[in-house]
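Chemist: Right, I'll just put the structure down here and ask away after.
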Amino acid sequence: MTLFELAARLGLECRGEDIELKGIGTLEHAGPSELSFLANPKYAEFLPKTQAGAVIVHPEYADKVQRALISMQPYQDFGRALQLFAKKKGVFQGVSPLAFIHPDAKIGENATIYPFACIESGVVIDDNVVIYSGCYLGPGVHVGSRSVLYPNVVLMDDTHIDEGVIIHAGAVLGADGFGFSKTEAGIEKIPQTGNVQIGRNVEIGANTAIDRAVLDSTTVGDGTKIDNLVQLGHNVRVGKNTFIVSQVGISGSTHIGDGCTLAGQVGVAGHLHIGNNVTIGPQSGVAKDIADSSTVGGSPAVDYATFMKTLALMPKYPDIFKRLSKLEKALAALETEQNEREKA
Amino acid sequence: MTLFELAARLGLECRGEDIELKGIGTLEHAGPSELSFLANPKYAEFLPKTQAGAVIVHPEYADKVQRALISMQPYQDFGRALQLFAKKKGVFQGVSPLAFIHPDAKIGENATIYPFACIESGVVIDDNVVIYSGCYLGPGVHVGSRSVLYPNVVLMDDTHIDEGVIIHAGAVLGADGFGFSKTEAGIEKIPQTGNVQIGRNVEIGANTAIDRAVLDSTTVGDGTKIDNLVQLGHNVRVGKNTFIVSQVGISGSTHIGDGCTLAGQVGVAGHLHIGNNVTIGPQSGVAKDIADSSTVGGSPAVDYATFMKTLALMPKYPDIFKRLSKLEKALAALETEQNEREKA
Amino acid sequence: MTLFELAARLGLECRGEDIELKGIGTLEHAGPSELSFLANPKYAEFLPKTQAGAVIVHPEYADKVQRALISMQPYQDFGRALQLFAKKKGVFQGVSPLAFIHPDAKIGENATIYPFACIESGVVIDDNVVIYSGCYLGPGVHVGSRSVLYPNVVLMDDTHIDEGVIIHAGAVLGADGFGFSKTEAGIEKIPQTGNVQIGRNVEIGANTAIDRAVLDSTTVGDGTKIDNLVQLGHNVRVGKNTFIVSQVGISGSTHIGDGCTLAGQVGVAGHLHIGNNVTIGPQSGVAKDIADSSTVGGSPAVDYATFMKTLALMPKYPDIFKRLSKLEKALAALETEQNEREKA
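Residue numbers (this note's numbering), protein chains in the order written: chain L, -14 to 329; chain S, -14 to 329; chain P, -14 to 329.
Below is the structure:
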């Protein structure tokens, strides 16, 4: 693809001569036939030295490079350019005779099923689905069209995946929720008889675990993106277009709204209601309901402004004790003086 | 099953006419031929509107529903009812010719082994065990009767699993512990030559990792329940009937007693002794031994009452600085006055 | 092996008569034909009661045991002894006809490939590599000589593994980084077109996830050891000989230096620079760059001395409020007295 062709496809103004582009690289490493981009001003220092053939930049940087694709949203346009250059993952095609597919499973048109996938009775796989090696699809599982299951993904029985979903390697959907009751006879398992339902265009990270519901469904709404090593307990419901970053844990029966962001390593207690457009800072511990459009931080999590104020005060805490001691001495001195004067 | 039959099997009093029951649902979603339950008073608001054919309730709610199964322990009885309705997971039966089973492995009666399981030399699998696709059982592994290994479970060499154990998908038992020594030649690996031993009726969550011991065994006692994405380091010993919630990490050589509960995302340092019946609050960081029957919270974890008191004071901290400044000014004023009077 | 032979091979002085040694055990459990060791003084209490045939000990303990191998570094020498006694894991040999290997993949001399491994086009596997069952190696993957991939390891396309690397079961390298852009049309995925590069003699724990770069590479330097359930985001770069303990999460584009130690459950924000020889305490949350040779703790992480001072003061916080109230009352009393005197 040439630079001018790319500019036309992205609808961006181009400054400089046309060249052939063979790929995309960072400012630091891109070569003269590669495109690069500047989105985070932190990396502007690389601009003067870059070898990149052309750079997607905000107008204010357009003069700083030999060839510029001028964009008001360089990161988004970089993402769009990358889609044009990205190569397809995996090379296997068709349904492998080395997969185990139960005779009554229904496989759609143009599906790809790798060797050593195991597909049980009653599974329905729609068109253009890709299922890598080592995946297990339990009885009654449904995978919507264009979805991709990377290697060793496990979908336990009755899991329902909508269209355009990406599930990264090793993720487990539909394992039993953590439900037990203590009886006189000991600890009894509560059978987990619900399922997991994943909406359209959801992405789920590597080695993430989403438990099946005890009854009804554990659900993830359309467009939500979940990172690696995340835990969603039984009967959790996550809304639409929400981001859940790596190593977050959400306890059973908690509902998370639409448009939220949960930063890395957040923990949320069970049976809570987190509203829409809520942002939760990294490592926070959420123990209470959170209203729509709130931003919270800390463990236990509080309003973010309060949290930041508390953090800002922390370095001053040791000083408190010095100030208290000084006050106590001065006051004692005054009292002594007073007493002596009274005696006099 | 009819409602009256169910009442008889559970030994519960029934109010209302008999009906046919086809399943179990939540108060919110159950239909007229489904059973439901009320265990957490938080959900009592759904009672007047439920369509459920019958509801397991505490006596105080018996009048609020059309048909009631009256229970002093609604959650336990719901669990027992669910066991009567739960359908078996998976439909594969027998030993698949698509599994790899070393000729000297011993497979018990009525065992189920899915395609693409890999079972090495010297493995012993007892009666009625179920091993799903993608599991690996290393040399010398022993799996006790009625145990279930869900897909892609890995049991490295010499792992010993007792009877009635459930291991969810992707769990890894017996990987090497994290043991190295720094020498002049660089970082040397300490071979991890012990194993992992799991007691009766233990349940282990999806993608959990339990490392083999450097010497002797990493052990989990009878009846203990471990959630998803938990980490147990080498030579950890967990007692009986202990609950370890999701994303907990326990460092090497730490011993956890019987009847404990470790809430989500707790971290415990190495070489510690945690007593029996200890409860550790969510996200706590445990850096010291804990005596029997303690409840602790915070990072570093302290006695729970102290932890809660500290949390309750936190919102008042910003106020400290205002009070200190006010005191300092007032005291300075007094001192000035005093000095002036003395001069006068 | 006899005790005297072992002493010769380790280059250690031996006290006591020669015996046959059949294995290694802990002081608590070793029998009369087993070797043991004392490295952590915490376990010295087991010395008088041990049944071990011989013990590797520091000179100060040499008189306390029947037979001693005297060492200035008992833990390192225990590790070396263990290497002499450790048995090889796994018994399968050669390339299984039950593996799927693309015809144009190149397999080195003396490689072991278990059943149900799936190896795509363009993969290069060097000599003496061991690949267990259920592993997936995507197009263009390269595995250096003597490396071991335990069961169900996933290496997505173009992952590069150097020599002598150990990857434990269920680890996923090269899944897509968590990269999206919010556009007017909704959330768009940023294709992740870089790869993962792992240096020599690295060890990676079970169920750990290391994401591929958006561009360029996510890299782990020679000799670095990563524990279980760790998350490395896209474009993270980790230096040489660094230890990353279980459940640590490192966000995208952060660089970690050489010789660092990140304790369990640490979280590090994105786009940061962590210097060489940095130590980060357990559960810390790192939100800023850290200079070489620093030790930090807490969330947000601060200099360790400051962190410890803050922790030490915490139990005194409730006292602050009592002292403040007392001061306020005393001061009010003084002021009242003053006012009365002035009136008089």
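For every residue, glycine included, the Cβ atom is placed at its ideal position computed from N, Cα and C.
For Asp288(P), which residues does DSSP report across the bridge?
Modeler: According to DSSP, which records beta bridges pairwise, Asp288(P) is partnered with Val281(P).
Chemist: With distance defined between alpha-carbon atoms, name the residue in Ile152(L), Gly159(L), Thr168(L) and Ala191(L) nearest to Leu158(P).
Modeler: Taking only the C-alpha atoms, the option nearest Leu158(P) is Ala191(L).
Chemist: How many Å lie between Asp207(S) and His153(S) at the Cα?
Modeler: Going from the Cα of Asp207(S) to the Cα of His153(S) covers about 17 Å.
Chemist: Would you list, in chain order, the members of the stretch 291 to 325 of chain S that have their beta-carbon closer than 8 Å to a beta-carbon of chain L?
Modeler: Those residues of the stretch 291 to 325 of chain S that come within reach of chain L (Cβ to Cβ, closer than 8 Å) are Leu296, Met299, Pro300, Tyr302, Pro303, Ile305, Phe306, Leu309, Leu312, Glu313, Leu316, Leu319, Glu320 and Gln323.
Chemist: Residues of the stretch 59 to 81 of chain P in Cβ contact with chain S at a cutoff of 8 Å, in chain order, please.
Modeler: Those would be Tyr60, Gln61, Phe63, Gly64, Arg65, Leu67, Gln68, Phe70, Ala71, Lys72, Lys74, Gly75, Val76, Phe77 and Ser81, in chain order.
Chemist: Look at the alpha carbon of Gln51(P) and the alpha carbon of Leu32(P), and state the distance between them as a whole number of angstroms.
Modeler: Rounded to the nearest angstrom, the two C-alpha atoms are 10 Å apart.
Chemist: Please report how far the alpha carbon of Gly8(S) lies from the alpha carbon of Leu20(S), in whole angstroms.
Modeler: C-alpha separation (whole angstroms): 6 Å.
Chemist: With a threshold of 9 Å between beta-carbons, can Lys284(L) be considered close to chain S, or not?
Modeler: In the sequence under discussion, the amino acid at residue 284(L) is Ser, which differs from the Lys named in the question. Yes, because at least one Cβ of chain S sits closer than 9 Å to the Cβ of Ser284(L).
Chemist: If we call anything under 9 Å between Cβ atoms a contact, is Phe101(P) one with Gly155(L)?
Modeler: Against a cut-off of 9 Å, the Cβ pair of Gly155(L) and Phe101(P) comes out as no contact.
Chemist: Sort Ala(-8)(P), Ile275(P) and Gly125(P) by Cα distance to Ile146(P) and report the nearest one.
Modeler: It is Gly125(P).
Chemist: Between Arg65(S) and Leu(-5)(S), what straight-line distance do the alpha-carbon atoms span, to the nearest angstrom?
Modeler: C-alpha separation (whole angstroms): 7 Å.
Chemist: Is the CB of Leu328(P) under 9 Å away from at least one CB in chain L?
Modeler: The residue you asked about is not Leu; residue 328(P) is Lys in the sequence shown. Lys328(P) does not count as touching chain L.
Chemist: Can you tell me the Cβ-Cβ gap for Gly242(P) and Asn220(P), rounded? I've got them flagged as a contact below 8 Å.
Modeler: Not quite, the Cβ-Cβ distance comes to about 16 Å (not below 8 Å), so this is no contact.
Chemist: Pairs of beta-carbons, one from the stretch 157 to 173 of chain L and one from the stretch 158 to 178 of chain P, closer than 8 Å: are there three or more?
Modeler: No, because fewer than three Cβ pairs between the stretch 157 to 173 of chain L and the stretch 158 to 178 of chain P fall closer than 8 Å, the two stretches do not touch.
Chemist: Using only alpha-carbon positions, find the residue among Glu5(P), Gly244(P) and Ala(-8)(P) that is nearest to Asp277(P).
Modeler: With distances taken between Cα atoms, Asp277(P) lies closest to Gly244(P).
Chemist: Taking only three categories from DSSP, how would you classify Phe22(P)?
Modeler: Here Phe22(P) sits in strand by DSSP.
Chemist: Would Thr280(P) and Ile265(P) be called neighbours here (beta carbons separated by less than 9 Å)?
Modeler: Contact flag set, yes.
Chemist: Please state the DSSP three-state secondary structure of Leu69(S).
Modeler: If DSSP states are grouped into helix, strand and coil, Leu69(S) belongs with the helices.
Chemist: Can you pull out the residues from the stretch 222 to 233 of chain P whose beta carbon lies closer than 8 Å to at least one beta carbon of chain S?
Modeler: For the stretch 222 to 233 of chain P, which is checked against every Cβ of chain S, the residues closer than 8 Å are Asn226, Phe228, Val230, Ser231 and Gln232.
Chemist: Taking 9 Å as the CB-CB cut-off, is Asp161(P) touching chain L?
Modeler: Yes, its Cβ sits closer than 9 Å to a Cβ of chain L.
Chemist: Work out the CA separation of Val215(P) and Asn213(L) for me, nearest whole Å.
Modeler: Approximately 10 Å between the Cα atoms of the pair.
Chemist: Just list the alpha helix (DSSP H) runs in the stretch 163 to 243 of chain P, keeping only unbroken ones of 4 residues or longer that don't cross its boundaries, in chain order.
Modeler: The stretch 163 to 243 of chain P contains no whole alpha helix (DSSP H) run of 4 or more residues.
Chemist: If you draw a straight line from the alpha carbon of Val150(P) to that of Ile211(P), how long is it in whole angstroms?
Modeler: Rounded to whole angstroms, Val150(P) to Ile211(P) spans 11 Å at the Cα level.
Chemist: With 9 Å set as the bound, which would you pick, yes or no: does the beta-carbon of Tyr289(P) sit closer than that to a beta-carbon of chain S?
Modeler: It does not; no Cβ of chain S falls within 9 Å.
Chemist: Can you find a CB in chain L that lies within less than 9 Å of the CB of Asp243(S)?
Modeler: No, its Cβ sits nowhere closer than 9 Å to a Cβ of chain L.
Chemist: With distances taken between CB atoms, is the gap from Ala198(P) to Val181(P) smaller than 9 Å?
Modeler: Yes, Cβ-Cβ distance for Ala198(P) and Val181(P) is below 9 Å.
Chemist: Could you compute how far the alpha carbon of Leu(-12)(L) sits from the alpha carbon of Cys(-1)(L)?
Modeler: C-alpha separation (whole angstroms): 8 Å.
Chemist: Could you tell me which chain S residues have their CB closer than 7 Å to the CB of Asn180(P), listed as they occur along the chain?
Modeler: Correct list: empty, because the minimum Cβ distance to chain S is about 24 Å.
Chemist: Can you name, in chain order, every residue of its own chain whose Cβ lies under 6 Å from the Cβ of Glu188(S), other than the five neighbours on each side?
Modeler: Around Glu188(S): Ile151 and Lys210.
Chemist: Taking CB distances under 9 Å as the criterion, tell me whether Ala170(L) reaches chain P.
Modeler: No, Ala170(L) lies away from the interface with chain P (no Cβ there is under 9 Å from its Cβ).
Chemist: Quick one: Cα of Gly79(S) to Cα of Val109(P), how far?
Modeler: Answer to the nearest angstrom: the Cα atoms are 37 Å apart.
Chemist: Here's a check: name, in chain order, each residue in its chain whose Cβ is nearer than 6 Å to the Cβ of Pro285(P), leaving out the five neighbours to either side.
Modeler: These residues qualify, in order along the chain: Gly270 and Ala272.
Chemist: On a CA-only basis, which of Phe292(L), Met141(L), Gly255(L) and Glu94(L) is nearest Ile104(L)? Give me that one, please.
Modeler: The residue with the shortest Cα to Cα distance from Ile104(L) is Met141(L).
Chemist: Name the two residues that bound the continuous alpha helix (DSSP H) containing Ala(-8)(L).
Modeler: Looking at the DSSP string, the run of the alpha helix (DSSP H) that includes Ala(-8)(L) is Leu(-12) to Leu(-5).
Chemist: From this set, Lys34(P), Asp196(P) and Gly171(P), which residue's C-alpha is nearest Thr178(P)'s C-alpha?
Modeler: With distances taken between Cα atoms, Thr178(P) lies closest to Asp196(P).
Chemist: Output, in chain order, the set of chain P residues within a Cβ distance shorter than 9 Å of Ala254(S).
Modeler: Correct list: Ala248, Gly249 and Pro267.
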